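**Student:**
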Amino acid sequence: MKGLGELERSIMDIIWAQPSSVTAREVGRLIADRDLAPTTVMTVLDRLTRKGFLLRTRDGRAWRYAPAESRDAYVAELMLEALDLTGDRSAALTRFAQAVTGTEADILRRALTDLEEELEDE
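Here the sequence shown stands for residues 1 to 122, where the numbers follow the numbering used here.
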């Protein structure tokens, strides 16, 4: 998965936070603190679509944009890519497990147990 630049990440944060798809004009209003030209917003939305981060549908003369995946899916993919960078995935996973809070460890334990049960059911 390709990474996101700073402006791309800001725009994705806005789109991930929306309950439904948005137009370029709506994104421009929501990112008003950046004082971006509408063409800049459209260019970044087009780039995010080509990279596979956004889905685009026609709405009259405008395009509506929605995330192709959730923010959680994106972050999980980044974590997996980071694991690929290490020469020792076991060591990296162990360090990660040592760094999480007790609550986070419980969540990981439950997720692994659920996955194990799903695999047994297959």
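Don't be surprised by glycine CBs; every beta carbon is placed ideally from N, CA and C.
Just so it is clear, the structure is predicted and the values come from calculations on it, not from any experiment.
If alanine 24 and methionine 12 are in contact, beta carbons under 8 Å, what's the gap, nearest whole angstrom?
**Tutor:** About 14 Å separates the two Cβ atoms, so there is no contact after all.
**Student:** Could you tell me which uninterrupted alpha helix (DSSP H) segments, each at least 4 residues in length, are contained entirely in the stretch 59-96, listed from first to last along the chain?
**Tutor:** 71-85
**Student:** From Glu116, Ala99, Phe96, Glu69, pick the residue whose C-alpha is nearest to that of alanine 17; which is it?
**Tutor:** Glu69
**Student:** On the CB-based measure, 16 or more other CB atoms within 10 Å of its CB, does leucine 48 come out buried or exposed?
**Tutor:** buried
**Student:** Taking 8 Å as the cut-off, decide whether the C-beta atoms of valine 44 and leucine 78 are in contact.
**Tutor:** no
**Student:** Please return the same chain residues whose Cβ sits closer than 6 Å to the Cβ of arginine 89, not counting the five positions on each side in sequence.
**Tutor:** Leu83
**Student:** Could you tell me how far apart the beta carbons of threonine 57 and serine 10 are, in whole angstroms, since I believe they sit closer than 8 Å?
**Tutor:** That pair is no contact at about 22 Å.
**Student:** Under the DSSP definition of a beta bridge, which residues are partnered with leucine 54?
**Tutor:** Residue pairing by DSSP puts leucine 54 in a beta bridge opposite Pro67.
**Student:** Decide if leucine 54 is buried, meaning its Cβ has at least 16 other Cβ atoms within 10 Å, or exposed.
**Tutor:** buried
**Student:** On the DSSP letters alone, give me the boundaries of the alpha helix (DSSP H) that glutamate 117 sits inside.
**Tutor:** Note, glutamate 117: alpha helix (DSSP H), 102-121.
**Student:** Alpha carbon to alpha carbon, how far is arginine 29 from leucine 36? Give it in angstroms, no decimals.
**Tutor:** 10 Å
**Student:** With a CB to CB cut of under 7 Å and the five nearest residues on each side skipped, what residues in its chain are close to tyrosine 74?
**Tutor:** none
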